[in-house]
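Novice: Okay, here's the structure, questions in a sec.
Here you go:
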């Protein structure tokens, strides 16, 4: 490579000479992706490929990407460019569909820290109105939604005042900021159950083009109009920044066929379920919030895990290793397990992937708001949930009872149920979930491996977490510990005892102190 080439690369990569480097912001994303796409078919330094093939002839990059993707069918190339998407005014029904994919990152406006009684430019509460409602149905829909939001607004503000009366306001600036945040969050936690599923939110998505393509197929195949329209918008906007990677989406034999396939299979299963079960309404108790449906493989946890832990450090096939370890004394197997778990100093310190051998299948009967928080874990397998309805009832938070606003709280659920029945009666089956509230219970099932259980249960029982999912995850840990006591004990950061109100205050205080420290280090001129 010439001196001129190295000089050019100084602004393009972090190190023009070393073996490890990153592309800088000076390198156009499409050109960087195109040069990386050449990686599997070129023996030379990737930086040289960038210089010779794309740096001068920038127009060649899109053409090359299309050739690789379409000509060679190399879908992995679509992983080389990321799209930062934002979907504004998405209903809370749509947000869960947007966050369906595993290979993407998501960020969503939190119902735990934001008052959702703000109105838009036209003076209307921020909730989704299905465009296919008749004038009469639309009028009823708006009236009920406004009534629910009016109640929510009153309750969340009164709860905030009520909580603040129960605790002393700190005198120092940092302490007061933490107190304001913690008390508001406590009120939002209790009141969020009243928010309709139609409530609009903003979702941020960071995903490779391949995941964006799959998201478009998934949304476009849905029967929900909001999802279908969002699929069109995502494709339109993503093409502006990653067009060559998404060419196949609009091709009938590729994108069209993928969407039809999904629609056909979903429709077939829905029809079969209807023909097999019809209008059958099972009398199922809703007392069990958490059910451990199954786990595998069966057997002693040390017999299962010790061979998996040792496998990479031996030369034996797994079956031979299992037979050898099985006859060991328990003390010897326990030594292997304890060494593998090690001295964990933080819940982020997870044991290795040998724990992925063990799996648990869970069924939860929980509020939709709790489901929203738990569903985002992307290492869950088979995450499936049932259609929303008011059928399984709801819980009244302790704080609402203590504040004397239980009747108004329950009135929101009555308004919701009436609207749900009304919409169902006029044939709006697909739109009825918009009428339900975040506090309505629903069924959610999934499979997780033991390593993910460490992350899931320890994270979601942190004292500053929502009391609803803390309760669920503490019960999950109890059930898991009954069958696998060693794994349960190793999850030492599952928090069961601390007062979430006090620790949330401590967490807010720590945040405010960090912010104050940052301001001192980086003063605004």
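Numbering (the working numbering), first residue to last: 1471 to 1995.
Yeah, the Cβ is synthetic: ideal placement off N, Cα and C, and Gly gets one too.
Here the structure is a predicted model, which means the values were calculated and not measured.
1) Per DSSP, what kind of secondary structure is residue 1861 in: helix, strand or coil?
2) By the DSSP assignment, the beta strand (DSSP E) with residue 1773 in it spans what residues?
3) In three-state DSSP terms, what is residue 1961?
4) Do you know how far the Cα of residue 1677 is from the Cα of residue 1942?
5) Give me the Cα-Cα distance between residue 1558 and residue 1777, rounded to the nearest whole angstrom.
6) Can you tell me whether residue 1846 is helix, strand or coil according to DSSP?
7) Going by beta-carbon coordinates alone, are residue 1507 and residue 1583 separated by less than 8 Å?
8) From the DSSP output, which residues share a beta bridge with residue 1688?
9) If we count the other Cβ atoms within 10 Å of its Cβ and call it buried at 16 or more, is residue 1567 buried or exposed?
10) Contact between the region 1898-1912 and the region 1860-1876 is defined here as three or more beta-carbon pairs at a separation below 8 Å; is this criterion met?
11) Closer than 6 Å by C-beta to residue 1995: which residues in its own chain qualify, once you throw out the five before and the five after it? Chain order, please.
12) By a C-beta neighbour count over all protein chains shown, 10 Å radius and 16 as the cutoff for buried, is residue 1893 buried or exposed?
13) Which residues bound the alpha helix (DSSP H) around residue 1496?
14) Helix, strand or coil: which one does DSSP assign to residue 1598?
15) Could you tell me how far apart the beta carbons of residue 1913 and residue 1833 are, in whole angstroms, since I believe they sit closer than 8 Å?
16) With C-beta atoms as the reference, is residue 1521 less than 8 Å away from residue 1475?
17) Would you check if the distance between the CB atom of residue 1555 and the CB atom of residue 1708 is smaller than 8 Å?
18) Please confirm whether residue 1560 and residue 1673 have their CB atoms less than 8 Å apart.
19) Mapping DSSP to helix, strand and coil, what is residue 1822?
20) Once you ignore the five residues that flank residue 1964 on each side, which residues in its own chain have a CB closer than 6 Å to its CB?
21) Counting pairs of beta carbons, one from the region 1818-1831 and one from the region 1752-1768, are three or more of them closer than 8 Å?
22) By Cβ distance, which residues of its chain are closer than 6 Å to residue 1500, with the 5 residues on each side in sequence left out?
23) Tell me whether residue 1664 is buried or exposed, calling it buried when 16 or more other Cβ atoms sit within 10 Å of its Cβ.
24) Excluding sequence positions up to five away, which residues of its chain have a Cβ less than 6 Å from the Cβ of residue 1806?
25) Alpha carbons only, please: which of 1851, 1874, 1939 is nearest the one belonging to residue 1916?
26) If you reduce the DSSP assignment to three classes, tell me which class residue 1562 lands in.
27) Name the DSSP beta bridge partners of residue 1671, please?
28) Sorted by chain position, which residues of the same chain lie with C-beta nearer than 6 Å to residue 1909's C-beta, five sequence neighbours on each side aside?
29) Along the chain, where does the alpha helix (DSSP H) containing residue 1877 start, and where does it finish?
30) Which same chain residues, not among the five before or five after residue 1811, have their C-beta less than 7 Å away from its C-beta?
31) Give the straight-line distance between the Cα atoms of residue 1875 and residue 1621, rounded to the nearest whole angstrom.
32) Under a three-way DSSP split, which group does residue 1996 fall into?
33) I'd like the list of long-range same chain contacts for residue 1685, defined as Cβ closer than 6 Å, with 5 residues on each side in sequence excluded.
34) Which same chain residues, not among the five before or five after residue 1479, have their C-beta less than 6 Å away from its C-beta?
35) How big is the Cα-Cα spacing for residue 1866 and residue 1759?
Specialist: According to the structure shown:
1) coil
2) Premise fails: residue 1773 lies in the alpha helix (DSSP H), 1771-1780, not in any beta strand (DSSP E).
3) coil
4) 30 Å
5) 49 Å
6) coil
7) no
8) Answer by DSSP bridge pairing: none, since residue 1688 is not bridged.
9) buried
10) yes
11) Low confidence applies to residue 1995: its pLDDT is 46, below 50, so where it sits in the model is not reliable enough to give any reading.
12) buried
13) First-last for residue 1496: undefined, no H or E at that position.
14) coil
15) 7 Å
16) yes
17) yes
18) yes
19) coil
20) 1927, 1928, 1931, 1947
21) yes
22) 1531
23) buried
24) 1776, 1779
25) 1851
26) coil
27) 1560
28) 1663, 1837, 1864
29) 1876-1895
30) 1821, 1960
31) 10 Å
32) This structure does not reach residue 1996, given that the chain is present from 1471 up to 1995, and the question cannot be answered.
33) 1571
34) 1486, 1517
35) 15 Å
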